[in-house]
Amino acid sequence: MTPRALSFRAAQVVRVLIVDDELKLRESLAEGLRLENWSVATAENGTEALRLVSSERFDLLILDLLLPDTDGFEILRQVRARDPLLPVLMITAHHAHSTRFAAFASDTADLVTKPFGFADLLARCRALLAPAQSPAGKPTYGGLELDHESRVVYCGGQQITLTGTESALLEFLLRNPGVIVTPEMLARAVWKESVVSTPLKSAIEFQVEQLGRKLGKRTGIRLILTVQGIGYRLESAARLAVHEALRRPDAAPA
0 MTPRALSFRA AQVVRVLIVD DELKLRESLA EGLRLENWSV ATAENGTEAL
50 RLVSSERFDL LILDLLLPDT DGFEILRQVR ARDPLLPVLM ITAHHAHSTR
100 FAAFASDTAD LVTKPFGFAD LLARCRALLA PAQSPAGKPT YGGLELDHES
150 RVVYCGGQQI TLTGTESALL EFLLRNPGVI VTPEMLARAV WKESVVSTPL
200 KSAIEFQVEQ LGRKLGKRTG IRLILTVQGI GYRLESAARL AVHEALRRPD
250 AAPA
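Here numbering that gives the first Met the number 0 is used: the first residue of the sequence shown is 0, the next is one more, and so on.
Next up, the structure:
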């Protein structure tokens, strides 16, 4: 199989498959993504989705976890068997699915909970595709730029010196901006471990906390968010400021 990171090019039209049994939502998402000049196919159930995946090539799968004929996780398992590197954005209306998601998560998967805005979904999709499109140079996102060799991150004209582990951790987060990353993903990418033992999980939690504090001390904003029961997500200061403004009681629609 040709590695997806080598076969995908930013100049190509993104081919996405949307799997959701809600007709209105399915058509709304398809219309929005087509306005982004993406090529969109849709399926209303798991059977149709598997037929399309087996006969066509897609760059991204948007998958609802509650389907009329099967569990979305089963569809994901079969899709992963065919193409382990296919980026997948899973949609759920139930927060309980978050814990199950962790067992299926990889560096090419993310989860969004209904209700969600189209802008948020589009940002998640682009983040999932970003690792295949990004250059091999210094990773940057949301005003942060990391020089891995010197272990220094530049933020708003300031320099923050990191430890070796913090630098490797931040590099992985910067190359997967806005994506939920699990302890299992960090264990493989940063600690080079395939199994997350209790001590390693504690070490990961500690290092993420320390890195978050270092960044927050200089920016005044906590950029690394903890997604309860799943993992962590790096957000930009601008994006977090918008979210905070919308959460204020006095915030009014424009």
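All C-beta atoms in this analysis are idealised placements derived from N, C-alpha and C, irrespective of residue type, glycine included.
Leaving out five residues before and five after residue i in sequence, what residues of the same chain have Cβ atoms less than 8 angstroms from its Cβ?
| i | result |
| --- | --- |
| Val12 | Asn36, Trp37, Ser38 |
| Ala92 | Leu65, Thr112, Lys113 |
| Val195 | Pro182, Glu183, Ala186, Ile203 |
| Lys213 | Ile159, Leu161, Glu165 |
| Gly155 | Gly142, Arg217, Thr218 |
| Ser133 | Caution applies to Ser133, whose pLDDT of 41 falls short of 50 and renders its modelled position unreliable; the value that the coordinates give is listed next. Excluding residues within five positions, the ones whose Cβ falls inside 8 angstroms are Arg174. |
| Arg56 | Arg14 |
| Ser27 | Phe117 |
Pick out whichever of the options has its Cα sitting closest to the Cα of residue i.
| i | options | result |
| --- | --- | --- |
| Gly141 | Tyr153, His147, Glu148 | Tyr153 |
| Ala300 | Trp190, Gly211, Arg212 | Past the boundaries of the shown model lies residue 300; the chain is included only from 0 to 253, so the question cannot be answered. |
| Arg187 | Thr160, Glu234, Ala167 | Ala167 |
| Leu161 | Ser53, Leu120, Leu85, Gln206 | Gln206 |
| Arg123 | Gln157, His147, Pro86 | Pro86 |
| Thr218 | Leu224, Val178, Leu143 | Leu143 |
| Ser54 | Glu73, Arg81, Leu34 | Arg81 |
| Asp146 | Gly155, Glu170, Arg232, Ile220 | Glu170 |
| Val178 | Val52, Leu32, Asp63, Ala126 | Ala126 |
| Val180 | Gln227, Pro138, Val151, Arg79 | Gln227 |
| Ile220 | Glu234, Ala118, Thr139 | Glu234 |
| Arg232 | Lys200, Asn175, Asp119 | Asn175 |
If you draw a straight line from the alpha carbon of residue i to that of residue j, how long is it in whole angstroms?
| i | j | result |
| --- | --- | --- |
| Leu75 | Val18 | 11 angstroms |
| Ser6 | Pro83 | With a pLDDT of 38 at Ser6, under the threshold of 50, the modelled position of that residue is not reliable, and no figure is offered here. |
| Ser149 | Thr164 | 13 angstroms |
| Gly211 | Asp58 | 32 angstroms |
| Leu22 | Ala29 | 10 angstroms |
| Leu172 | Gln157 | 19 angstroms |
| Asp109 | Ile223 | 16 angstroms |
| Glu192 | Glu208 | 20 angstroms |
| Pro198 | Leu121 | 36 angstroms |
| Leu128 | Gly71 | 21 angstroms |
| Leu51 | Val15 | 11 angstroms |
| Asp119 | Pro138 | 22 angstroms |
| Lys200 | Thr225 | 14 angstroms |
| Arg79 | Val151 | 36 angstroms |
| Ile90 | Glu73 | 14 angstroms |
I'd like the list of long-range same chain contacts for residue i, defined as Cβ closer than 6 angstroms, with 5 residues on each side in sequence excluded.
| i | result |
| --- | --- |
| Ile61 | Ile17, Leu88 |
| Arg25 | Ile17, Asp19, Thr41 |
| Ser31 | The question names Ser, yet the displayed sequence has Gly at residue 31. Here the set comprises Phe117. |
| Gly215 | Arg221 |
Could you give the residue range of the alpha helix (DSSP H) that holds residue i?
| i | result |
| --- | --- |
| Val78 | 71-81 |
| Arg217 | 197-218 |
| Thr162 | Per DSSP, Thr162 belongs to no alpha helix (DSSP H) and is neither H nor E. |
| Arg33 | 22-34 |
Could you pull the start and end residues of the beta strand (DSSP E) that residue i belongs to?
| i | result |
| --- | --- |
| Leu145 | 143-146 |
| Val39 | 38-42 |
| Gly230 | 230-233 |
| Leu224 | 223-226 |
Suppose the cutoff is 7 angstroms on Cβ atoms and the five residues either side in sequence are ignored; what does the same chain contact list for residue i look like?
| i | result |
| --- | --- |
| Gln77 | Leu49 |
| Asp68 | Asn44, Gly45, Thr46 |
Which word fits residue i, buried or exposed, when buried means at least 16 other C-beta atoms lie within 10 angstroms of its C-beta?
| i | result |
| --- | --- |
| Leu34 | exposed |
| Gly116 | exposed |
| Gly230 | buried |
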